[in-house]
Amino acid sequence: MTLCVLRFGVLPHFDRKHNAVLVPGPYAVSDSTRSFHNAAFVADMHADSLLWGRDLRKRHSRGQVDLPRLRDGGVDLQVFGVVTKVPRRRRLDSVSDDTDILPLLFIASWRSPATWFKPKERALSQAREMARLAEKSPLSLVLSRGDLSIAGIKGLLALEGMHALGGEEEALIELYSAGYRMIGLAHFFDNEFAGAAYGVDKYGLTELGRSLIPRMEALGITIDLAHASPAALEEALSLATKPIVVSHGGVKGTCPGPRNLSDAQLHSIAENDGVIGIGFWKRAVCDVSLKGIVAAIVYAVKVTGIDHVGLGSDFDGKIASPFDATGLPMLTEALFAEGLSKEDVSKVLGGNVRRVLATNLPE
Ligand SMILES: [Zn+2]
């Protein structure tokens, strides 16, 4: 009884409240924009949709992403971020790892008791859910380079924070085998491998972290520096021999904030041939509107050039977004209005992300 209330009452209520859409669709764009957008390769580098236990095959009136809405939004590739530990955050400038609010969510979504308290089990269980989704829906999983060319909607699994490895280097292989092809060094707090932007000490890479960079590159896992401390970001960029991503974030030029990128960091990412995904939430863009998102994109393009900017919505990441996945064609229209060419808009929509993944993914 209690479990039913949690699953069908509390969880949907929480999901609806915390993954709000500020302006509900349908969203109007011109026919020419829509046909251009649908033909383009559109990639979003970050959505936490797996966390909520929603059946993503069905269209929901809550949250921001499911397969029908990805289709309406013309999305070709969705990177699914996997969250495995969320401490209570009283202040964002010093988050420690000694609390965890996820047990209730994993219990409420009727996941196995193994996942209730263990980040690695949560990572493996969400990977299994993703594999089942791919089996039972038109979504295909991206595991190797060739998978990027499969027609239809594709999903790539990404881990938010190496704390899920439990300090064991060998867990990297386990996660790779489970389908992970992108890994963020840190999430909200400092871990055994790297410091976090919101962490207590915000250190750079540890010795373990330094040793994992070449191993991740050799496996074909893309390194994600979203949430990394400035020191970890700098160190990872100096060690990386493959392009990195900052899957979801903002730029200090339009929105100051501890996790948003400075012009100097943007230059380093461009030098690495990496790509930053501009997010759709308050702390990433300050002005949570289509206009605010476009301003951040245009600013980042101005600093890095056109080849290093993409999308990283953070849909379903406990954020309020100005539109859900079906609203992405509006972004295309707004970028054209800013004077970007068709070629440039294609790069921002997904061309740049595709280039980086095609370089990094295993053959
Ligand atoms: Zn995140």
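Each residue of the sequence shown is one higher than the one before, counting from 223 in the working numbering. C-beta: ideal position from N, C-alpha, C; glycine also.
Check: residue i C-beta below 7 Å from any heavy atom of ligand 1
{"i": "residue 382", "result": "yes"}
{"i": "residue 319", "result": "no"}
{"i": "residue 448", "result": "yes"}
{"i": "residue 412", "result": "no"}
{"i": "residue 538", "result": "no"}
{"i": "residue 303", "result": "yes"}
{"i": "residue 385", "result": "no"}
{"i": "residue 470", "result": "yes"}
For residue i, the three-state DSSP class (helix, strand or coil)
{"i": "residue 307", "result": "coil"}
{"i": "residue 414", "result": "coil"}
{"i": "residue 463", "result": "coil"}
{"i": "residue 450", "result": "strand"}
{"i": "residue 562", "result": "coil"}
{"i": "residue 495", "result": "coil"}
{"i": "residue 403", "result": "strand"}
{"i": "residue 267", "result": "strand"}
{"i": "residue 428", "result": "coil"}
{"i": "residue 376", "result": "strand"}
{"i": "residue 255", "result": "helix"}
{"i": "residue 435", "result": "helix"}
{"i": "residue 469", "result": "strand"}
{"i": "residue 502", "result": "coil"}
{"i": "residue 490", "result": "helix"}
{"i": "residue 575", "result": "helix"}
{"i": "residue 230", "result": "helix"}
{"i": "residue 286", "result": "coil"}
Cβ neighbours of residue i in the same chain (closer than 8 Å, five flanking residues each side left out)
{"i": "residue 268", "result": "301, 303, 380, 448, 469, 470, 499, 501, 534, 535, 536, 537 and 539"}
{"i": "residue 249", "result": "545, 548, 549, 551 and 552"}
Proximal residues to residue i (C-beta, below 6 Å), its chain only, five neighbours per side dropped
{"i": "residue 290", "result": "281"}
{"i": "residue 372", "result": "362"}
{"i": "residue 260", "result": "296"}
{"i": "residue 431", "result": "415 and 416"}
{"i": "residue 319", "result": "309 and 411"}
{"i": "residue 344", "result": "306 and 337"}
{"i": "residue 542", "result": "242 and 244"}
Proximal residues to residue i (C-beta, below 7 Å), its chain only, five neighbours per side dropped
{"i": "residue 423", "result": "412 and 417"}
{"i": "residue 508", "result": "476, 477 and 514"}
{"i": "residue 521", "result": "473, 475 and 476"}
{"i": "residue 346", "result": "400"}
{"i": "residue 298", "result": "263, 264, 265, 375, 376 and 572"}
Exposure of residue i, with buried meaning 16 or more beta-carbon neighbours within 10 Å
{"i": "residue 358", "result": "exposed"}
{"i": "residue 315", "result": "exposed"}
{"i": "residue 223", "result": "exposed"}
{"i": "residue 239", "result": "exposed"}
{"i": "residue 409", "result": "buried"}
{"i": "residue 564", "result": "exposed"}
{"i": "residue 458", "result": "buried"}
{"i": "residue 382", "result": "buried"}
{"i": "residue 576", "result": "buried"}
{"i": "residue 313", "result": "exposed"}
{"i": "residue 518", "result": "buried"}
{"i": "residue 437", "result": "exposed"}
Below-8 Å beta-carbon distance, residue i vs any chain C residue
{"i": "residue 531", "result": "Within the model displayed, chain C is absent; a lone protein chain is all it includes."}
Evaluate contact between the stretch 253-260 and the stretch 437-454, counting only Cβ atoms and requiring at least three cross-stretch pairs below 8 Å. no
Would you call the stretch 306-322 and the stretch 360-379 in contact, with 3 or more CB pairs under 8 Å? no
Is there contact between the stretch 341-355 and the stretch 398-405, where contact requires at least three CB pairs shorter than 8 Å? yes
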